[in-house]
Amino acid sequence: MLNLTETAGNAVEQDFYGKLVAIVSEDRVRRNELLARHTTFRIGGPADYFVCADKEQFASVLALCRNEGMPYFVIGNGSNLLVSDAGIRGVVLRLDRADSILFYPEKDRLTARVGAGMLLSMFAKEAASRGAAGFAFAAGIPGSVGGAVFMNAGAYGGEIKDFLVSVRAVGPGGEIVTLTAGELKLSYRFSILQKEEFYVLDADFSFPLGDAVEECRKIEELAARRREKQPLEYPSAGSTFKRPEGYFSGKLIMDAGLAGLRVGGAKVSEKHCGFIVNDGNATAGDVMGLIAKIQETVQEKYSVFLETEIRMLGEFF
Ligand SMILES: Cc1cc2nc3c(=O)[nH]c(=O)nc-3n(C[C@H](O)[C@H](O)[C@H](O)COP(=O)(O)OP(=O)(O)OC[C@H]3O[C@@H](n4cnc5c(N)ncnc54)[C@H](O)[C@@H]3O)c2cc1C
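What follows is the structure, encoded as structure tokens:
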């Protein structure tokens, strides 16, 4: 027998798909795309629609989702995300990685405008090779420029906040606005983007000028340090927890005797206890279970609450 509700549902779905394709073209919309393919954890169920867009298309896709009441989520390089095993209902939208970097050399500074979908590492290397000083820390962070602004990413004493001037973003009503670094309220792993719905299209940076050879050497040195200290050979989302005031989360976890603790395929890295790694076929449920055990033990032993730095996406039970 014909199921009318299902038929109507399919028609609505087909209509929405048609509208998406009209904006970005067919090869840039994937249905039931496994998000494990788009996260550095290699974990995550399917998104109903996975859409790649350039900056102009991006604003139109957002407008379409909002007008049609379709849930949506913007991802960068998926390097700070734990996506649920059930996946995401609605649209997961990603800005193109291939975007432009425009450099404007000045007398004693280098300014740059970079597309938010671009990998931060690529931008940092390009900037260093033109003499941008102090930005080498960014070359080892495997996120996009947009995700790095959202998180105010940082390492080895540097953070995005030190060099960001402003961003161009799509606001809640679809308007394109400029937000200054001050308005973004950047602080430790925080920006106002975590509270208000603005999506970064591109970002303006300003660097003091230094010695390009020395900056490129620093990038190599920090990369070697990361390889030595961090479990880069396993899929992960970097540091699982924020740094609690006065402590280091990795050390607390190690001192609590949790190195190597596992739930299913998720494991506390022995190389760096601040990292949970996917040691095989970890599910998001495994990672959540392990996070809970770590939080409970550290709270019990040291009365310190470990707040997650990684962001959860989708439904967790
Ligand atoms: C091996 C490893 C090492 C790491 N080392 C570091 C480190 O040293 N320092 C550090 O800070 N982090 C580190 N990270 C974590 C991660 O790389 C950063 O948090 C990064 O900034 C996330 O960027 P992303 O593009 O991957 O964002 P995603 O993980 O894709 O998304 C994170 C958040 O950013 C939002 N977002 C993405 N793009 C935009 C946009 N254009 N506009 C608005 N919001 C957006 C998303 O909606 C989401 O809420 C590490 C991760 C790994 C796997």
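Heads up: the sequence shown at position 211 corresponds to 350 in our numbering, and the numbers run straight through without jumps.
Glycine residues also receive a C-beta, built at the ideal position from the N, C-alpha and C atoms.
- Determine, using beta carbons only, whether Ala263 and Ala277 come nearer to each other than 8 angstroms. Position 124 of the sequence shown, counted from the start, is the residue given in the question as residue 263. Position 138 of the sequence shown, counted from the start, is the residue given in the question as residue 277. One thing to note: Ala263 has its Cβ within 8 angstroms of the Cβ of Ala277.
- Query: Relative to the C-alpha of Leu234, which residue among Val253, Leu429, Pro244, Leu249 is closest?
  - Reply: In the sequence shown, the residue the question calls residue 234 occupies position 95. When each option's Cα is compared against that of Leu234, the closest is Val253.
- Message: Taking the alpha helix (DSSP H) that Cys204 belongs to, which residues open and close that run?
- Response: By 1-based counting over the sequence shown, the position of residue 204 is 65. Per DSSP, Cys204 belongs to the alpha helix (DSSP H) from 194 to 207.
- Item | Inter-residue Cα distance where the pair is Gln438 and Leu397 | As a first step, residue 438 is located in the sequence shown; it is residue number 299 there, counting from the start. As a first step, residue 397 is located in the sequence shown; it is residue number 258 there, counting from the start. So the alpha carbons of these two residues sit roughly 13 angstroms apart.
- Query: Is the beta carbon of Met290 within less than 7 angstroms of some heavy atom of ligand 1?
  - Reply: Mapped onto the sequence shown, residue 290 falls at position 151. For ligand 1, at least one heavy atom lies less than 7 angstroms from the Cβ of Met290.
- Task: Helix, strand or coil for Ser442, going by three-state DSSP, please let me know.
- Result: Position 303 of the sequence shown holds residue 442. The answer is coil: DSSP assigns Ser442 none of H, G, I, E or B.
- Query: Is Asn417 near Tyr386, with beta carbons less than 8 angstroms apart?
  - Reply: Working through the sequence shown from its first residue, we reach residue 417 at position 278. Working through the sequence shown from its first residue, we reach residue 386 at position 247. At the C-beta level, Asn417 and Tyr386 stay beyond 8 angstroms of one another.
- Item | Val253 Cβ short of 7 angstroms to ligand 1 heavy atom set | Sequence index remark: in the sequence shown, residue 253 carries index 114 (1-based). It does not: the Cβ of Val253 is nowhere closer than 7 angstroms to a heavy atom of ligand 1.
- Query: Hey, how far is the Cα of Leu445 from the Cα of Phe380?
  - Reply: To locate residue 445, count along the sequence shown from 1; it is residue 306. To locate residue 380, count along the sequence shown from 1; it is residue 241. The alpha-carbon atoms of Leu445 and Phe380 are separated by roughly 6 angstroms.
- Query: Taking one C-beta from the region 285 to 294 and one from the region 332 to 347 each time, how about it: are there three or more such pairs within less than 8 angstroms?
  - Reply: The region 285 to 294 vs the region 332 to 347: in contact.
- Would you call Thr319 buried or exposed, if buried means 16 or more other Cβ atoms sit within 10 Å of its Cβ? As a first step, residue 319 must be located in the sequence shown, where it is residue number 180. Around the beta carbon of Thr319, fewer than 16 other beta carbons lie within 10 angstroms, which makes this residue exposed.
- Could you tell me if the beta carbon of Ala320 falls within a distance shorter than 7 angstroms of some heavy atom in ligand 1? Start at 1 with the first residue of the sequence shown, and residue 320 comes out as number 181. For Ala320, the shortest C-beta to heavy atom distance toward ligand 1 is 7 angstroms or greater.
- Message: Need the endpoints of the alpha helix (DSSP H) that Ala175 sits in, please.
- Response: Along the sequence shown, one-based indexing puts residue 175 at 36. Here Ala175 belongs to no alpha helix (DSSP H), and DSSP marks it neither H nor E.
- Query: Going by DSSP, which residues form a beta bridge with Glu341?
  - Reply: For the purposes of this step, residue 341 is taken as the residue at position 202 of the sequence shown. The amino acid at residue 341 is misidentified as Glu; the sequence shows Asp. Asp341 is bridged to Gly254, Arg307.
- Query: Mind checking Ala266: buried by the 16 CB within 10 Å criterion, or exposed?
  - Reply: Within the sequence shown, the letter at position 127 stands for residue 266. Ala266 should be labelled buried.
- Taking the alpha carbon of Tyr188 as the point to measure from, which residue in Ser345, Leu201, Asp425, Glu195 has its own alpha carbon closest? For the purposes of this step, residue 188 is taken as residue 49 along the sequence shown, with counting starting at 1. Of Ser345, Leu201, Asp425, Glu195, the smallest CA-CA separation from Tyr188 is found for Leu201.
- Item | 8 angstroms contact criterion, which Ser375 and Ile415 should meet: CB distance rounded | Along the sequence shown, read from residue 1 onward, the residue named residue 375 stands at position 236. Along the sequence shown, read from residue 1 onward, the residue named residue 415 stands at position 276. For a cut-off of 8 angstroms, the C-beta gap from Ser375 to Ile415 is around 6 angstroms, short enough to register as a contact.
- Task: For Leu203, I'd like the list of residues in its chain whose CB is within less than 6 angstroms of its CB, leaving aside the five on either flank, ordered along the chain.
- Result: What you label residue 203 is simply residue 64 of the sequence shown in a count that begins at 1. Around Leu203: Lys158.
- Query: Using the rule of at least 16 other Cβ atoms within 10 Å of the residue's Cβ for burial, across every protein chain shown, is Ala405 buried or exposed?
  - Reply: Locating residue 405 in the sequence shown gives position 266, counting from the first residue. Ala405 comes out buried.
- Message: Suppose the cutoff is 6 angstroms on Cβ atoms and the five residues either side in sequence are ignored; what does the same chain contact list for Arg167 look like?
- Response: Residue numbering aside, residue 167 sits at position 28 when the sequence shown is read from its first letter. These residues qualify, in order along the chain: Cys191.
- Query: In three-state terms, what does DSSP make of Cys355?
  - Reply: The residue given as residue 355 occupies position 216 in the sequence shown. Assigned with DSSP and collapsed to three states, Cys355 falls in helix.
- Task: State yes or no: is the C-beta of Gly171 nearer than 7 angstroms to some heavy atom of ligand 1?
- Result: Numbered from 1 along the sequence shown, position 32 holds the residue referred to as residue 171. Correcting the residue type first, residue 171 is Asn in the shown sequence and not Gly. The answer is no for Asn171.
- Beta-carbon contacts of Ile315 that lie in its chain and below 8 angstroms, excluding the five residues immediately before and after: The sequence position of residue 315 within the sequence shown is 176, counting from 1. Residues of the same chain with a CB within less than 8 angstroms of the CB of Ile315, apart from the 5 flanking positions on each side, are Ala198, Arg307, Ala308, Val309, Leu340 in chain order.
- Please list the segments of the alpha helix (DSSP H) lying wholly inside the region 266 to 306, counting only runs of 4 or more residues, in order along the chain. Runs of the alpha helix (DSSP H) lying entirely within the region 266 to 306, each at least 4 residues long, are 284 to 290 in chain order.
- Does ligand 1 have even one heavy atom less than 7 angstroms from the beta-carbon of Pro281? What you label residue 281 is simply residue 142 of the sequence shown in a count that begins at 1. Flag set: Cβ of Pro281 near ligand 1.
- Task: State yes or no: is the C-beta of Ile214 nearer than 7 angstroms to some heavy atom of ligand 1?
- Result: Position 75 of the sequence shown, counting from 1, holds the residue named residue 214. Indeed, a heavy atom of ligand 1 lies less than 7 angstroms from the Cβ.
- Item | Proximity winner among Arg169, Glu245, Asp193, relative to Leu348 (alpha-carbon distances) | Start at 1 with the first residue of the sequence shown, and residue 348 comes out as number 209. Check the Cα spacing between Leu348 and each of Arg169, Glu245, Asp193: the tightest is with Glu245.
- Enumerate in chain order the residues of its own chain whose CB-to-CB distance from Phe337 is below 6 angstroms, with the five nearest sequence positions on each side excluded. On the sequence shown, residue 337 is found 198 positions in, with the first residue counted as 1. These residues qualify, in order along the chain: Ala308, Gly310.
- Task: Compute the Euclidean distance between the alpha carbons of Ala476 and Gly256, then round it to the nearest angstrom.
- Result: The requested residue 476 does not occur in the structure, where the chain is confined to residues 140 to 456.
- Query: In the structure shown, what three-state DSSP assignment does Ile227 receive?
  - Reply: Here residue 227 corresponds to residue number 88 of the sequence shown, with the count starting at 1. Strand at Ile227.
- Task: Return the Cβ separation of Ser223 and Gly419 in integer angstroms, given the expectation that the two are a contact with Cβ distance under 8 angstroms.
- Result: Sequence index remark: in the sequence shown, residue 223 carries index 84 (1-based). Sequence index remark: in the sequence shown, residue 419 carries index 280 (1-based). Not confirmed; about 19 angstroms, so no contact.
- Message: I'd like the span of the beta strand (DSSP E) that includes Ile415, first residue to last.
- Response: In the sequence shown, residue 415 corresponds to position 276, counting from 1. Residues 414 to 417.
- Query: What is the DSSP secondary structure of Gly389, reduced to helix, strand or coil?
  - Reply: Numbered from its first residue, the sequence shown carries residue 389 at position 250. Gly389: helix per DSSP, three-state reduction.
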